[in-house]
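Heads up, the thing below is written out as structure tokens.
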Amino acid sequence: MSIENTTSLKLVVTAILRHQSKILILKRSSKTKSMQNKWGCISGYLESYEDPLTRALTEIIEETGIGFEQVILQKILYPIQVEYEGKVTFVIQPFCFSSKVSSITLNWEHVEFRWIDIFDIKLYDLVPKLDELINCCFK
-9 MSIENTTSLK
1 LVVTAILRHQ
11 SKILILKRSS
21 KTKSMQNKWG
31 CISGYLESYE
41 DPLTRALTEI
51 IEETGIGFEQ
61 VILQKILYPI
71 QVEYEGKVTF
81 VIQPFCFSSK
91 VSSITLNWEH
101 VEFRWIDIFD
111 IKLYDLVPKL
121 DELINCCFK
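Per the numbering used here, the very first residue in the sequence shown carries number -9; after that it's consecutive.
Right, here's the structure in full:
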């Protein structure tokens, strides 16, 4: 009798947001389904029928209160895969945006936010591979 290691596959978009020379990071709430209390960027699950860019823009509004007209798409990165606790594989489509504003209104998914210098990213307990994505966006 063998037990197969099964993992589920989740499609996710991530929006990395810059305002002037700072990067936005958000501390995930303990109420989220995964990676509680870690620092991340704006993200959300993607349904197979959804357009990834539209979902990323929707997540920006939901998680920060920043409207479509206040952000500019800077770059679309190649998708990456992140294995999480041997149970889930996240396929992440990252987008890099600049924001015209720095004012944030958090929703329930996050308990704190910071606009930080890219060089300070290593000081935070981040979701997997976020530092790599940020470096790809804004180097």
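Heads up, the beta-carbon is just placed ideally off N, CA and C, and yes, glycines get one too.
Query raised in the report: Can you tell which of Trp98, Glu73, Ser20 has its C-alpha closest to the C-alpha of valine 81?
Result: Taking the sequence shown and counting its residues from 1, one reaches residue 81 at position 91. Cα-wise, what sits closest to valine 81 is Glu73.
**Report entry** Cut-off 8 Å between Cβ atoms - residues of its own chain near lysine 0, not counting five sequence neighbours on either side
**Finding:** As a first step, residue 0 must be located in the sequence shown, where it is residue number 10. The answer, listed in chain order, is Tyr35, Val78, Thr79, Phe80, Val81.
Query - Assigned secondary structure, isoleucine 94 (DSSP; H/G/I helix, E/B strand, else coil) - result: Residue 94 sits at position 104 when you count from the first residue of the sequence shown. Isoleucine 94 falls in the coil class under three-state DSSP.
Query raised in the report: Residue ranges of each alpha helix (DSSP H) run of no fewer than 4 residues wholly in the stretch 22 to 76, ordered along the chain?
Result: DSSP runs (the alpha helix (DSSP H)) wholly in the stretch 22 to 76: 42 to 54.
Query raised in the report: Hey, how far is the Cα of leucine 16 from the Cα of arginine 104?
Result: For this step, residue 16 is matched to residue 26 along the sequence shown. For this step, residue 104 is matched to residue 114 along the sequence shown. Rounded to the nearest angstrom, the gap between the Cα atoms of leucine 16 and arginine 104 is 7 Å.
Report task. Would you identify the three-state DSSP class for aspartate 121, choosing helix, strand or coil? Result -> The residue labelled residue 121 in the question sits at position 131 within the sequence shown. Under the three-state reduction of DSSP output, aspartate 121 falls in the helix class.
Report task. Would you mind working out which of Tyr68, Cys31, Gln71, Tyr39 sits nearest glutamate 52, comparing C-alpha positions? Result -> Mapped onto the sequence shown, residue 52 falls at position 62. Minimum Cα distance to glutamate 52 is reached at Cys31.
**Report entry** Proximal residues to proline 69 (C-beta, below 8 Å), its chain only, five neighbours per side dropped
**Finding:** The residue you call residue 69 lines up with position 79 of the sequence shown. Taken in chain order, the residues that qualify are Val81, Ile82, Gln83, Pro84.
Query raised in the report: Which term fits glutamate 102, buried or exposed, when burial requires 16 or more other beta carbons within 10 angstroms of its beta carbon?
Result: The residue labelled residue 102 in the question sits at position 112 within the sequence shown. The residue in question, glutamate 102, is exposed, as its Cβ has fewer than 16 Cβ neighbours within 10 Å.
Report task. Figure out for me which residue from Met25, Phe87, Lys119 has the closest Cα to the Cα of histidine 100. Result -> Reading the sequence shown from its first residue, position 110 is the one you call residue 100. Closest by alpha carbon: Met25.
Query raised in the report: In chain order, what residues of the same chain lie with their CB nearer than 7 Å to the CB of asparagine 97, ignoring the 5 residues before and after it?
Result: Counted from its first residue, the sequence shown places residue 97 at position 107. For asparagine 97, the CB contacts under 7 Å within the same chain, skipping 5 residues up- and downstream, are Glu52, Glu53 in chain order.
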